[in-house]
Amino acid sequence: MKLASWNIRGVNHPSKQQELRHFLLKHRVDVMGLVEIRVKTHNAGMIGAKLFGHNWGLVNNYQYHPNGRIWLAWNKASIKFEVLHLSAQLITGVVNSGFCTFWLSIVYGFNTRVGRQELWAELASLSATCSLPWLLMGDFNIVLHDDEKKSTAMFDHGSMRDFGDCCQNIQLIDLPHQGMHYTWSNK
Numbered sequence: 001m002k003l004a005s006w007n008i009r010g011v012n013h014p015s016k017q018q019e020l021r022h023f024l025l026k027h028r029v030d031v032m033g034l035v036e037i038r039v040k041t042h043n044a045g046m047i048g049a050k051l052f053g054h055n056w057g058l059v060n061n062y063q064y065h066p067n068g069r070i071w072l073a074w075n076k077a078s079i080k081f082e083v084l085h086l087s088a089q090l091i092t093g094v095v096n097s098g099f100c101t102f103w104l105s106i107v108y109g110f111n112t113r114v115g116r117q118e119l120w121a122e123l124a125s126l127s128a129t130c131s132l133p134w135l136l137m138g139d140f141n142i143v144l145h146d147d148e149k150k151s152t153a154m155f156d157h158g159s160m161r162d163f164g165d166c167c168q169n170i171q172l173i174d175l176p177h178q179g180m181h182y183t184w185s186n187k
């Protein structure tokens, strides 16, 4: 089973849709989390169908945020997904592939410290009820360590501490990554 998460920064343009479809096929992705989709509610059904077709399930969070910041899609031929929790910053559910079952959360944290406080509280609340392995993916809009960000701007050490405290409190493990160290640019 292959899972992926992508801060796609908009999926309205046909070239971005083609890039995503190519990625799904090339990597044989079974579960895809998309954040910062920038798709208006009235276009979501059409664009979702173009991207994933009828063999995929798709859930979003439009009812909790007017911009529907998060989409979670899964290949119904290989995965069963049951939604447990939706909010403005989070979609959480149970993934069952037939050989393993776990919780999955796709996160798109607000870009302010105050805004993320609600996310940390939600994660703590969910953690108290979770009895399965739990994978969190997405964009928290904050880093755990100074070396995870390439910038000359000041670090928000208070927000980093909040994130670290949340990870410690709910006993998350920061998994190592492969590939490019810095994967995002504002250019």
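Residue 45 in full-length UniProt numbering sits at position 45 of the sequence shown, and the numbers go up by one each step.
The beta-carbon is built from N, C-alpha and C at its ideal position, and this holds for glycine as well.
This one's a predicted model, so the numbers in the text were calculated from it and none came from an experiment.
Would DSSP call residue i helix, strand or coil?
| i | result |
| --- | --- |
| HIS85 | strand |
| LYS50 | helix |
| ASN111 | coil |
| PHE140 | coil |
| LYS26 | helix |
| LYS2 | coil |
| LYS16 | helix |
| ASN67 | coil |
| LEU123 | helix |
If I measure Cβ to Cβ from residue i and keep anything under 7 Å in the same chain, skipping five residues before and after, which residues do I get?
| i | result |
| --- | --- |
| GLY68 | ILE37, VAL39, THR41, ALA44, ASN60, ASN61, TYR62 |
| LYS50 | GLN17 |
| PHE52 | LEU58, ALA73 |
| TYR108 | VAL35, GLU36, ARG69, ILE70, GLN89, GLY138, ASP139 |
| TYR64 | LEU86, SER87, ALA88 |
| ILE170 | LEU123, ALA124, SER127 |
Is it buried or exposed, residue i, if we count other Cβ atoms within 10 angstroms and call 16 or more buried?
| i | result |
| --- | --- |
| ILE70 | buried |
| SER105 | buried |
| CYS100 | exposed |
| ARG116 | buried |
| GLU82 | exposed |
| VAL95 | buried |
| LEU175 | exposed |
| GLY158 | exposed |
Looking only at DSSP bridge pairs, what is residue i linked to?
| i | result |
| --- | --- |
| ALA73 | MET32, LEU58 |
| PHE102 | VAL95 |
| LYS80 | ASN96 |
| residue 198 | The chain is shown from 1 up to 187; residue 198 falls before or after that span and cannot be answered. |
| ASN43 | According to DSSP, ASN43 bridges with nothing at all. |
| ASN169 | Per DSSP, none; premise fails for ASN169. |
| LEU90 | VAL107 |
By Cβ distance, which residues of its chain are closer than 6 Å to residue i, with the 5 residues on each side in sequence left out?
| i | result |
| --- | --- |
| ASP30 | MET1, LYS2, ASN75, SER78, ILE79 |
| PRO133 | PHE102 |
| ARG9 | GLU36 |
So residue i and residue j are supposed to be a Cβ contact under 8 Å. How far apart are they, rounded?
| i | j | result |
| --- | --- | --- |
| GLY138 | VAL35 | 5 Å |
| MET160 | ILE142 | 6 Å |
Under 7 Å from any heavy atom of the ligand FAD, does the C-beta of residue i make it?
| i | result |
| --- | --- |
| LEU3 | Among the components modelled here there is no ligand, and therefore nothing to report on the ligand FAD. |
Given residue i, which residues of its chain have a CB within under 8 Å of its CB, disregarding the five upstream and five downstream residues?
| i | result |
| --- | --- |
| ARG28 | LYS2 |
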